[in-house]
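Beneath this line is the structure, given in structure tokens, with notes to follow.
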Amino acid sequence: MPVYYTGFNASPLFSDQDGITTSISRLTEIPFSEITNIEIGWNYFLLWRGTKLYITGKISENNERNGPHLIQVPQESSGSCKIAIAGRDSVIILSTLNEIWKYKIYDGSWQKVTPFIPNNDNLQTEYAIKMSQAGCTVVLTNLGRVFNAPVLAEMPKRVKFVDIASGFDHTILLAENGDVYSMGMGTRGQLGHNDLEDYDNPRLIEALAGLKVAQISAGGWHSAAVTDQGDLYTWGWNTNGELGIESEDTKVHAVPILINVNEEMNVMSVECGNSFTICLTDDGSFWGCGTNKYGQLGKLHQGSGNPRNFVRLDTGALDPKTVRRFKCHEWGTAITTGME
1 MPVYYTGFNA
11 SPLFSDQDGI
21 TTSISRLTEI
31 PFSEITNIEI
41 GWNYFLLWRG
51 TKLYITGKIS
61 ENNERNGPHL
71 IQVPQESSGS
81 CKIAIAGRDS
91 VIILSTLNEI
101 WKYKIYDGSW
111 QKVTPFIPNN
121 DNLQTEYAIK
131 MSQAGCTVVL
141 TNLGRVFNAP
151 VLAEMPKRVK
161 FVDIASGFDH
171 TILLAENGDV
181 YSMGMGTRGQ
191 LGHNDLEDYD
201 NPRLIEALAG
211 LKVAQISAGG
221 WHSAAVTDQG
231 DLYTWGWNTN
241 GELGIESEDT
251 KVHAVPILIN
261 VNEEMNVMSV
271 ECGNSFTICL
281 TDDGSFWGCG
291 TNKYGQLGKL
301 HQGSGNPRNF
311 VRLDTGALDP
321 KTVRRFKCHE
331 WGTAITTGME
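Residue numbers (the UniProt record's numbering): 1 to 340.
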């Protein structure tokens, strides 16, 4: 599965005679064979080969440690890596035996997280199925409950969450019925409640109530959602045009706003990075807005600069039919390809 990347880079995988290339300005295949998935950290990549997890980036003064090397849960009885979340100075890992570990990238040390999900023998076993980092580690379980680890969030009645997405200090939560909730810091409107208040527990975003949201994303201080009708909503901080709102009159949009990406196309999915947003439309094209300081939007047409409204992105010779997934995080974008 070739994986293509554009944006900020600290890995020696992208180097020339002058050293590491810190800004990849167009989609470029990552020169590491048999990649099945990628996580983007601030100054490193996590690269998956099946169940094997490799790390590469500016993590040591010893250049040998900066090239791709395997990271493994230290106890064989804990299983192998199943999910990994890239943080600023640590990686949170869920093992195949549903144990959570913290790997500190700069000194290579491991810490096993004390189990916090209750074990009730009389009920269905509960375990983590997705994690994100938003100041603290947020964990979604198979029963649809959410923990601000290690504390269980106050759950709305008769609500089961099926997905979570986090920015710097906030989390967006998708419920099974298509409603969207949010919690965390709201000082830049990123929670979507038409205020700038913080909320410790999930609260329904009333502006999206009545719509069936199919997918959510969050990054930095903004959020986005795609409905089952292919409509895109964004909200939060818009200082760099990351919401796709061209006007610079208002920096904070504290309530979701319907965005017109292209009148002839429906949005299939959206990803938020730090101060930029990219979406995929039903014709297989990618559209982006916000800052392109490190090339995270890829090669743009002349004059596009840092677009405040969504512009079509240049994906080069990439065949839309081969795109399996894409993700934005920190200051980078990755597209995973492969045949059916």
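Ideal placement from N, C-alpha and C gives every residue a C-beta, glycine not left out.
Between the Cα of residue i and the Cα atoms of the options, which residue gives the shortest distance?
| i | options | result |
| --- | --- | --- |
| residue 288 | 80, 171, 295 and 278 | 278 |
| residue 2 | 330, 319 and 332 | 319 |
| residue 49 | 129, 39 and 159 | 39 |
| residue 327 | 224, 273 and 245 | 273 |
| residue 69 | 108, 201, 78 and 82 | 108 |
| residue 267 | 310, 178 and 75 | 310 |
| residue 317 | 337, 232 and 221 | 337 |
| residue 119 | 322, 198, 138 and 98 | 98 |
| residue 236 | 269, 284, 283 and 290 | 290 |
| residue 37 | 20, 84, 60 and 179 | 84 |
| residue 215 | 198, 200, 233 and 222 | 233 |
| residue 170 | 89, 177, 43 and 188 | 188 |
| residue 313 | 329, 335, 330 and 112 | 335 |
| residue 78 | 94, 66 and 67 | 94 |
| residue 115 | 104, 147 and 244 | 147 |
| residue 75 | 208, 175, 110 and 204 | 110 |
| residue 209 | 218, 223, 190 and 175 | 175 |
| residue 126 | 325, 60 and 145 | 145 |
| residue 282 | 202, 300 and 226 | 226 |
| residue 255 | 202, 263, 191 and 218 | 191 |
| residue 80 | 43, 92 and 96 | 96 |
| residue 285 | 206, 321 and 258 | 321 |
Identify whether residue i lies in helix, strand or coil by the three-state DSSP scheme.
| i | result |
| --- | --- |
| residue 27 | strand |
| residue 39 | strand |
| residue 49 | strand |
| residue 65 | helix |
| residue 218 | strand |
| residue 94 | strand |
| residue 322 | helix |
| residue 70 | strand |
| residue 166 | strand |
| residue 196 | coil |
| residue 149 | coil |
| residue 224 | strand |
Given this structure, state the Cα-to-Cα distance separating residue i from residue j, to the nearest angstrom.
| i | j | result |
| --- | --- | --- |
| residue 72 | residue 31 | 22 Å |
| residue 140 | residue 163 | 7 Å |
| residue 333 | residue 9 | 11 Å |
| residue 271 | residue 261 | 14 Å |
| residue 275 | residue 129 | 27 Å |
| residue 156 | residue 16 | 53 Å |
| residue 24 | residue 64 | 22 Å |
| residue 185 | residue 34 | 39 Å |
| residue 213 | residue 280 | 16 Å |
| residue 27 | residue 153 | 39 Å |
| residue 52 | residue 248 | 45 Å |
| residue 195 | residue 292 | 29 Å |
| residue 21 | residue 13 | 9 Å |
| residue 106 | residue 88 | 10 Å |
| residue 251 | residue 307 | 15 Å |
| residue 58 | residue 123 | 45 Å |
| residue 198 | residue 241 | 23 Å |
| residue 265 | residue 325 | 19 Å |
| residue 133 | residue 18 | 34 Å |
| residue 42 | residue 330 | 6 Å |
Based on the DSSP output, what are the partners of residue i in its beta bridges?
| i | result |
| --- | --- |
| residue 111 | 102 |
| residue 305 | Answer is none; residue 305 lacks a bridge partner. |
| residue 131 | 139 |
| residue 183 | 171 |
| residue 7 | 24 and 332 |
| residue 327 | 334 |
| residue 16 | 19 |
| residue 189 | In the DSSP output, where bridge partners are listed per residue, residue 189 has none listed. |
| residue 204 | 181 |
| residue 159 | DSSP output for residue 159 lists no bridge partner at all. |
| residue 59 | None, per the DSSP bridge assignment. |
| residue 312 | 287 |
| residue 44 | 57 |
Should residue i be listed as close to the ligand GTP, given that the test is whether its C-beta is under 7 Å from any heavy atom?
| i | result |
| --- | --- |
| residue 139 | Of ligands this structure carries none, so the ligand GTP is not represented either. |
Length at least 4, wholly inside the UniProt repeat "RCC1" (230-283): the alpha helix (DSSP H) runs in chain order: Qualifying alpha helix (DSSP H) stretches: none in this window.
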